[in-house]
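Numbering (my numbering), first residue to last: 82 to 269.
Beneath this line is the structure, given in structure tokens, with notes to follow.
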Amino acid sequence: MNGLLYSGRVLAADLAATVFFFGLYALTHNIALAVGLGVALALVQIGWRLARRQTIDALQWISLFLVIAAGSTTLLTHNPVFVMLKPTAIYLLVGCAMMKRGWMNRYLPPRALEFVPDLGVRFGYVWAGMMFFSAALNLVLALTCSVVVWGAAITAWGTGSKIALFFVQYAVMKTTGRRRYRARLMMA
């Protein structure tokens, strides 16, 4: 369970600005406020890491970019199709970032890195594939469905697919890690 909490905490920190931006916008419907505070949070997080001489991972830069791009384009245009197409761009950007070999290692606890680092790499590519599939699905839905149908479908898919893959990955890595641990004990 500690590994699950560790991974969740790191991922939440990386995507905090994006989640904060979308959450604040959903609550207030004030795009200027959501953009301003979302960008401020992203810049504070990046500044903090730079001040501590820590690397800035791709998902952190993407989070900043998404808040700036999604917010400013929403301020400039009020076209619902444009808004509906935004997740396609987001999924494509995140999918491209996830194509970096070993990107997921940052989210794995040390124990997982010891016993299942290969699965971390493989699941990293599975996540990238799901992002690309989600981008294609969103594009089709945005161009063929009403705003209401699109919103319901992409919300259900977006949430459900990620939760399902997360738990599948966790179960596979946990089971494989335990099996490899036992095998190592038997060989010792």
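Yeah, the Cβ is synthetic: ideal placement off N, Cα and C, and Gly gets one too.
This structure is a prediction, so every number in the text was calculated from the model and none was measured.
DSSP on residue i, reduced to helix/strand/coil?
{"i": "I137", "result": "coil"}
{"i": "V175", "result": "helix"}
{"i": "L269", "result": "Checking the displayed sequence, the identity of residue 269 turns out to be Ala instead of Leu. It is coil, neither helix nor strand."}
{"i": "V229", "result": "helix"}
{"i": "G258", "result": "helix"}
{"i": "G241", "result": "helix"}
{"i": "V162", "result": "helix"}
{"i": "N186", "result": "helix"}
{"i": "M180", "result": "coil"}
{"i": "V197", "result": "coil"}
{"i": "N111", "result": "coil"}
In whole angstroms, what is the alpha-carbon distance linking residue i and residue j?
{"i": "L174", "j": "Y262", "result": "36 Å"}
{"i": "V100", "j": "R265", "result": "41 Å"}
{"i": "L145", "j": "C177", "result": "16 Å"}
{"i": "V253", "j": "D199", "result": "12 Å"}
{"i": "A132", "j": "I149", "result": "22 Å"}
{"i": "R260", "j": "V162", "result": "49 Å"}
{"i": "Q337", "j": "W184", "result": "What is shown of the chain runs 82 to 269, which leaves residue 337 out entirely."}
{"i": "A216", "j": "M268", "result": "46 Å"}
{"i": "G205", "j": "G104", "result": "26 Å"}
{"i": "W208", "j": "V229", "result": "27 Å"}
{"i": "V120", "j": "L140", "result": "14 Å"}
{"i": "G258", "j": "T240", "result": "27 Å"}
{"i": "F196", "j": "W231", "result": "41 Å"}
{"i": "Y172", "j": "V221", "result": "14 Å"}
{"i": "A193", "j": "T158", "result": "45 Å"}
Evaluate residue i with the Cβ neighbour count: other Cβ atoms within 10 Å of its Cβ, from every protein chain shown; 16 or more gives buried, anything less gives exposed.
{"i": "N219", "result": "buried"}
{"i": "W129", "result": "exposed"}
{"i": "A237", "result": "exposed"}
{"i": "T169", "result": "buried"}
{"i": "F116", "result": "Here residue 116 turns out to be Val, not Phe, going by the sequence shown. Label assigned to V116: buried."}
{"i": "L189", "result": "buried"}
If residue i sits next to residue j, beta carbons under 8 Å apart, how far is it from one beta carbon to the other, in whole angstroms?
{"i": "L246", "j": "M211", "result": "6 Å"}
{"i": "L156", "j": "I112", "result": "6 Å"}
{"i": "A234", "j": "L166", "result": "The pair is not a contact, with the Cβ atoms about 14 Å apart (cut-off 8 Å)."}
{"i": "D138", "j": "R182", "result": "That belief does not hold up - the Cβ atoms of D138 and R182 are roughly 14 Å apart, past 8 Å."}
{"i": "L122", "j": "A97", "result": "6 Å"}
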